[in-house]
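*Asks:*
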Amino acid sequence: MTPKVMSMAEAVRRCVPDGASVALGLALEPAIPFALVHELVRARRRDLRLIGPISDMAFDILISAGCVAEIDAAWVGNVSAGLAHGYRRAMEKGIPRRIVVRDHSNLSIGLSLLAGALGSPYIPTRSLLGTDLARANGTFREAPSPFDGTPTLLLPAIEPDVAVLAVQRSDEDGNAQLWGPWGISQEAALASKAVIVVADELVDRSVIRADPNRTVAPAFKVAAVVVQRGACHPSPLQDRYGRDHSFFHAYHDATRSAEGYAAWAKEWILDLPDHEAYLAKLGPRWEALVAQERAR
Amino acid sequence: MTPKVMSMAEAVRRCVPDGASVALGLALEPAIPFALVHELVRARRRDLRLIGPISDMAFDILISAGCVAEIDAAWVGNVSAGLAHGYRRAMEKGIPRRIVVRDHSNLSIGLSLLAGALGSPYIPTRSLLGTDLARANGTFREAPSPFDGTPTLLLPAIEPDVAVLAVQRSDEDGNAQLWGPWGISQEAALASKAVIVVADELVDRSVIRADPNRTVAPAFKVAAVVVQRGACHPSPLQDRYGRDHSFFHAYHDATRSAEGYAAWAKEWILDLPDHEAYLAKLGPRWEALVAQERAR
Amino acid sequence: MTPLTAGEIMVAEAARQIRDGEKVFVGMRLPLIAFVVAKRTHAPNAIGLFELGMVRDEPAPELLYTMGDPPNVRGATWSARTVDIMGLLARGEVDAGFIGGAEMDRHGDLNTTAIGPDRAHPAVQLPGSGGAADIASLAKRLIVIMPHDKRRLRERVDFVTTPGHGSTPGWRARVGLRGGGPDVLITTLGVFRFPEGRAVLASYHPGASVERVRAETGWELEVVPDVHETETPSEAVLTIVRGYDRDGFWTRRAE
Amino acid sequence: MTPLTAGEIMVAEAARQIRDGEKVFVGMRLPLIAFVVAKRTHAPNAIGLFELGMVRDEPAPELLYTMGDPPNVRGATWSARTVDIMGLLARGEVDAGFIGGAEMDRHGDLNTTAIGPDRAHPAVQLPGSGGAADIASLAKRLIVIMPHDKRRLRERVDFVTTPGHGSTPGWRARVGLRGGGPDVLITTLGVFRFPEGRAVLASYHPGASVERVRAETGWELEVVPDVHETETPSEAVLTIVRGYDRDGFWTRRAE
Numbered sequence: 071m072t073p074k075v076m077s078m079a080e081a082v083r084r085c086v087p088d089g090a091s092v093a094l095g096l097a098l099e100p101a102i103p104f105a106l107v108h109e110l111v112r113a114r115r116r117d118l119r120l121i122g123p124i125s126d127m128a129f130d131i132l133i134s135a136g137c138v139a140e141i142d143a144a145w146v147g148n149v150s151a152g153l154a155h156g157y158r159r160a161m162e163k164g165i166p167r168r169i170v171v172r173d174h175s176n177l178s179i180g181l182s183l184l185a186g187a188l189g190s191p192y193i194p195t196r197s198l199l200g201t202d203l204a205r206a207n208g209t210f211r212e213a214p215s216p217f218d219g220t221p222t223l224l225l226p227a228i229e230p231d232v233a234v235l236a237v238q239r240s241d242e243d244g245n246a247q248l249w250g251p252w253g254i255s256q257e258a259a260l261a262s263k264a265v266i267v268v269a270d271e272l273v274d275r276s277v278i279r280a281d282p283n284r285t286v287a288p289a290f291k292v293a294a295v296v297v298q299r300g301a302c303h304p305s306p307l308q309d310r311y312g313r314d315h316s317f318f319h320a321y322h323d324a325t326r327s328a329e330g331y332a333a334w335a336k337e338w339i340l341d342l343p344d345h346e347a348y349l350a351k352l353g354p355r356w357e358a359l360v361a362q363e364r365a366r
Numbered sequence: 071m072t073p074k075v076m077s078m079a080e081a082v083r084r085c086v087p088d089g090a091s092v093a094l095g096l097a098l099e100p101a102i103p104f105a106l107v108h109e110l111v112r113a114r115r116r117d118l119r120l121i122g123p124i125s126d127m128a129f130d131i132l133i134s135a136g137c138v139a140e141i142d143a144a145w146v147g148n149v150s151a152g153l154a155h156g157y158r159r160a161m162e163k164g165i166p167r168r169i170v171v172r173d174h175s176n177l178s179i180g181l182s183l184l185a186g187a188l189g190s191p192y193i194p195t196r197s198l199l200g201t202d203l204a205r206a207n208g209t210f211r212e213a214p215s216p217f218d219g220t221p222t223l224l225l226p227a228i229e230p231d232v233a234v235l236a237v238q239r240s241d242e243d244g245n246a247q248l249w250g251p252w253g254i255s256q257e258a259a260l261a262s263k264a265v266i267v268v269a270d271e272l273v274d275r276s277v278i279r280a281d282p283n284r285t286v287a288p289a290f291k292v293a294a295v296v297v298q299r300g301a302c303h304p305s306p307l308q309d310r311y312g313r314d315h316s317f318f319h320a321y322h323d324a325t326r327s328a329e330g331y332a333a334w335a336k337e338w339i340l341d342l343p344d345h346e347a348y349l350a351k352l353g354p355r356w357e358a359l360v361a362q363e364r365a366r
Numbered sequence: 007m008t009p010l011t012a013g014e015i016m017v018a019e020a021a022r023q024i025r026d027g028e029k030v031f032v033g034m035r036l037p038l039i040a041f042v043v044a045k046r047t048h049a050p051n052a053i054g055l056f057e058l059g060m061v062r063d064e065p066a067p068e069l070l071y072t073m074g075d076p077p078n079v080r081g082a083t084w085s086a087r088t089v090d091i092m093g094l095l096a097r098g099e100v101d102a103g104f105i106g107g108a109e110m111d112r113h114g115d116l117n118t119t120a121i122g123p124d125r126a127h128p129a130v131q132l133p134g135s136g137g138a139a140d141i142a143s144l145a146k147r148l149i150v151i152m153p154h155d156k157r158r159l160r161e162r163v164d165f166v167t168t169p170g171h172g173s174t175p176g177w178r179a180r181v182g183l184r185g186g187g188p189d190v191l192i193t194t195l196g197v198f199r200f201p202e203g204r205a206v207l208a209s210y211h212p213g214a215s216v217e218r219v220r221a222e223t224g225w226e227l228e229v230v231p232d233v234h235e236t237e238t239p240s241e242a243v244l245t246i247v248r249g250y251d252r253d254g255f256w257t258r259r260a261e
Numbered sequence: 007m008t009p010l011t012a013g014e015i016m017v018a019e020a021a022r023q024i025r026d027g028e029k030v031f032v033g034m035r036l037p038l039i040a041f042v043v044a045k046r047t048h049a050p051n052a053i054g055l056f057e058l059g060m061v062r063d064e065p066a067p068e069l070l071y072t073m074g075d076p077p078n079v080r081g082a083t084w085s086a087r088t089v090d091i092m093g094l095l096a097r098g099e100v101d102a103g104f105i106g107g108a109e110m111d112r113h114g115d116l117n118t119t120a121i122g123p124d125r126a127h128p129a130v131q132l133p134g135s136g137g138a139a140d141i142a143s144l145a146k147r148l149i150v151i152m153p154h155d156k157r158r159l160r161e162r163v164d165f166v167t168t169p170g171h172g173s174t175p176g177w178r179a180r181v182g183l184r185g186g187g188p189d190v191l192i193t194t195l196g197v198f199r200f201p202e203g204r205a206v207l208a209s210y211h212p213g214a215s216v217e218r219v220r221a222e223t224g225w226e227l228e229v230v231p232d233v234h235e236t237e238t239p240s241e242a243v244l245t246i247v248r249g250y251d252r253d254g255f256w257t258r259r260a261e
């Protein structure tokens, strides 16, 4: 088999071409693969279609960097800090470009990916009926259930080109194990054409085989395994490091203007060669997040 | 909260009235709650509707005992030994009574329960199209997908009155943890009005909370927790005891006639007060199955 | 004594909405603190559900900034998938849910998507539904928590992200929604009920008044006959709130 | 030397159907042993999928009676839910699947439900589909393994549990099935292919003959022009089979 372990830059080069649909931030607030987000910015990816539920700060970074053409998401913002300034600029003023948004709820994005994972063309739900959200999405259909005539909303399957799984550990084949809430990670991984695993730690195959219930998706779905500690900072990774709340708040304050975003991106992404340099720049603040979580 | 830990007899008395729909054998070949099956026979339950995928030997016991009116299953037999003589007698000759069968496949029974778990009225699939199975089930509908007009089979939600989860461990609240394959356990538990947990071991709440990803369903779904070692014999329970192949084969040989079944049931169910007596009757053979699995 | 904040009154009022033994989508911010209060006072058997796929029967021991913070995951009794927990919601097994909103109309319809007539070219882009529209569609009771502001409590919202009672009687049943819809609206100034599917002021917070609420509300205010001052949080409740949100991140922030 | 059994020939032939790197629903009984043979010979990177929700990239180290036996679970790389693994099948990600059958017609339609014209009052009640109908509906290629018997290889089966190619050209596409349908039928007497959606004898096992196959087949036998004797399993393959199924439980049982 072709070796799958590679650098983040290599994984982005091979698996995320311009125009790709990318599902990420799938565990909701935790385990967001910011290291991959930053690499997409460094690689100047364009016309991406982003798919995800909550996307705390991550989608805003990519939108502000001009990487994004379309979004299928339930929420785009900064969970503990407030609105997403970059998303606002793009939608309100077309800066740096206009993007197309298909609004979802957390359930609808989860069920759409689940339909993809099950090989079913759609899944019906009784959520969202009668809302502008359901109408404005543009891909849903309202239809009576053929069984009892009651109203349902039909959510068509979403099958991303690539799903990104940030996890505590993986083996070299890509058997990736995540604990803590899975959010919509599993259905997104199974529904996607390929998976990039971003693992905090590479472990021996025997570790995986001793506990296969923790594996999110079978290794044959995985095209790349990137081993990168701290890849989710400032979001948390259960039992590895805590959430860096003030980093989220500082981003919120710094990115009120496009210039502010540019300065932030220069400092935290473009002037740094890779995620190890980012962690080094964080310095003791990073070590504290690790120490705090390991101590629990 | 009302205490949930109770004897098997009490759990059957409280949670499985005559006529109830009962999902069991949900992990397919392993973790089949035979101790509960035997108690249903001892309690002379009638008119049950059995729901499950593979039902290795368990459904045959209940059918032969006259407990069953209806079956929704993908397969009723004896996996390593062959046909189910009791099921044959009921279907071919109405002995001890006629039963109604709605044929399923493993995917269709899983998706039907998943629809129930999701609160969706049905889930579409592309499996089984054009088969007599799909037609004869009687509850499915064929319909073109409203999105692209391609044929789909719509599987209506199944919501059992009770699902039985046989697991390695549970706390007293009913947070039940199962490892090894889950089969259709989780969707059945979530889709059901109530869950009976049959746990090999009662553990402290802290054990559950240290690893909540293993919990099959939230405790508020659980109406009864039965702590019974060896409850799945002769099926296996991962890391606790192996499969007793020859017990399956002996049942197959013994139950070729209705009289043979009656003698078997007398010996292994009706003449025994409870599952501890059953394990005692098994004797060293039971100890060997435990020792063999623990040694691995 | 430290002066009472609107956030504290709202938390206390939100806690009263949680009944013992109920299963509640508690989300984050003020409702999560309300869950802590309820569990430690009148509802020790309440259960907290979180849309990332989690159930807790004890609140996290420390203040959370998001529901996915490690202290909220540690000690959960069930950690699964979003569709699993949302499925229980869709099955009608969740008693109540808390949500916030940017804009709301008198029928409880909420907008958290975009301000302005054209969703594709909004005047203000808001974050979106998250799980709120699902909770509002499917929970038996919905409790909404919002800052009180004339521009937020509008006669009509620009976009219905999250369904309320709709502007015509029987709207929810007609469109097929199974949950009960908005039951209570708790603002920084008062508490509304929805007896006929329309928001009616039930109480005004200490320091506010019916007149002030009327002035700050974007629709013609209706008031229950026995409108009264919102009950002041007890010392016991305030002690819990202030012990949990020590720095006042959620309950004392500028409003 | 121990005489060759039909079971051993069938296992060797089944093993040949597994290509290196493929994802295969290997089920149990003979196909599971075929998976062992393939992995240890020409297909070291084949991956085994099991419908109870499991993936293995190494066969279990000992003989299995069911796919849920603890030795088959221990050392799995993924252990999840039936709908997860069947979902990958439905997505078209599974290369091949093995199934058995009680009855089959010349188009590869299989009956494992009931013998007789009325499903509600069968002459013989069979166990049912299990996962077979799904695998036959959805896998890219289907390999069927059956005892060869005139009463089992019938012109028409009483009940189509598991879809083959159907009796009219283009039937699978017309009804909406996406998998490829039966590719190979391996019996106790020979190997059939389905070049035009109809079973055609490609080889007869050592000890059998075209005539014997014809006599034991319930439809008018068709034979490929270059019909030949099935390749005898190599010593290496036999050693693997006999080392794995030591007591001949699956490969030497009375046929």
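Chains as they are written, first to last, in the numbering used here: chain A, 71 to 366; chain L, 71 to 366; chain S, 7 to 261; chain G, 7 to 261.
Think of the CB as a built atom: it goes at the ideal place given N, C-alpha and C, for glycine as much as any other residue.
1) Closer than 7 Å by beta-carbon distance: list the chain S residues that pair up with Ala331(A), in chain order.
2) Could you work out which residues of chain L lie near Phe217(A), taking near to mean beta carbons separated by less than 8 Å?
3) Any C-beta of chain A sitting closer than 8 Å to the C-beta of Arg97(G)?
4) Let's see if you can read the secondary structure: which residues bound the alpha helix (DSSP H) around Phe217(A)?
5) Under 7 Å Cβ to Cβ from Glu329(A), same chain only, skipping five residues before and after it: list those, please.
6) Can you name the start and end residues of the alpha helix (DSSP H) that Ile193(L) belongs to?
7) At 7 Å on the CB atoms, spell out the chain A contacts of Val61(G), in chain order.
8) Check whether the Cβ of Leu183(G) lies closer than 8 Å to any Cβ atom in chain A.
9) Consider the Cβ of Asn176(L): report whether some Cβ of chain C lies at a distance smaller than 8 Å.
10) Buried or exposed for Pro9(G), going by 16 or more other Cβ atoms inside 10 Å?
11) For a quick check, are the C-beta atoms of Leu132(L) and Leu118(L) less than 8 Å apart?
12) Which residues in chain L sit within 8 Å of Ala82(S), going by Cβ to Cβ distance?
13) If you compare alpha carbons, which of Val43(S), Glu237(S) and Gly196(S) is closest to Glu228(S)?
14) For a cutoff of 8 Å on Cβ pairs, would you count Val165(S) as touching chain A?
15) Do we get a CB-CB distance below 8 Å when we pair Thr257(S) with the residues of chain A?
16) Would you mind telling me which residues of chain L sit closer than 7 Å to Thr195(A), beta carbon to beta carbon, in chain order?
17) Entirely within the segment 114-156 of chain S and at least 4 residues each: give me those alpha helix (DSSP H) ranges in chain order.
18) Since Gly200(A) contacts Pro169(S) with CB under 8 Å, what's their CB separation in whole angstroms?
19) Using the beta-carbon count (16 or more within 10 Å), is Met60(S) buried or exposed?
20) What distance in whole Å lies between the Cβ atoms of His154(G) and Glu217(G), which are believed to be in contact at a cut-off of 8 Å?
21) Could you confirm whether any beta carbon from chain A is found closer than 8 Å to the beta carbon of Val30(G)?
22) Given 8 Å as the limit, is there contact between the segment 137-156 of chain G and the segment 180-196 of chain G, that is, 3 or more CB pairs closer than that?
23) Any idea what DSSP makes of Asn176(L), helix, strand or coil?
24) Can you give me the C-alpha to C-alpha distance between Asn283(A) and Glu235(S), rounded to a whole angstrom?
25) At 3 residues or longer, what runs of the beta strand (DSSP E) sit wholly inside the segment 36-95 of chain S?
26) Helix or strand or just coil, what does DSSP make of Ala260(G)?
27) For a test of the three-state rule: what should DSSP assign to Phe104(A), helix, strand or coil?
28) By DSSP, does Pro354(A) sit in helix, in strand, or in coil?
*Replies:* Result, derived from the coordinates:
1) The sequence given here has Tyr at residue 331(A), not Ala. Those do not exist, as Tyr331(A) stays about 15 Å from chain S at its closest Cβ, beyond 7 Å.
2) Pro191, Tyr192, Arg211, Leu224 and Pro226
3) Answer yes: the Cβ-Cβ gap between Arg97(G) and chain A drops below 8 Å somewhere.
4) Counting along the chain, Phe217(A) falls outside any alpha helix (DSSP H), and DSSP gives it neither H nor E.
5) Here Glu329(A) has no same chain residue with a Cβ atom under 7 Å from its own Cβ, once five neighbours each way along the sequence are excluded.
6) Looking at the DSSP string, Ile193(L) is not in any alpha helix (DSSP H); the run it does join, the beta strand (DSSP E), is Tyr192 to Thr195.
7) Pro288
8) Chain A, which has no Cβ nearer than 8 Å to the Cβ of Leu183(G), makes this no.
9) Judged by its chain identifiers, the structure shown contains no chain C, and its protein chains are A, L, S and G.
10) exposed
11) Note that the C-beta distance between Leu132(L) and Leu118(L) is below 8 Å.
12) Arg279 and Pro282
13) Gly196(S)
14) The identity of residue 165(S) in the sequence shown is Phe, whereas the question assumes Val. Phe165(S) counts as touching chain A.
15) no
16) Ser190
17) 138-144
18) 6 Å
19) It counts as buried.
20) Not confirmed; about 13 Å, so no contact.
21) no
22) yes
23) helix
24) 54 Å
25) 53-56 and 60-62
26) Residue placement at Ala260(G) is flagged as unreliable, the pLDDT there being 49, under the threshold of 50; a coordinate-derived value is accordingly withheld.
27) helix
28) Note: Pro354(A) maps to helix in three-state DSSP.
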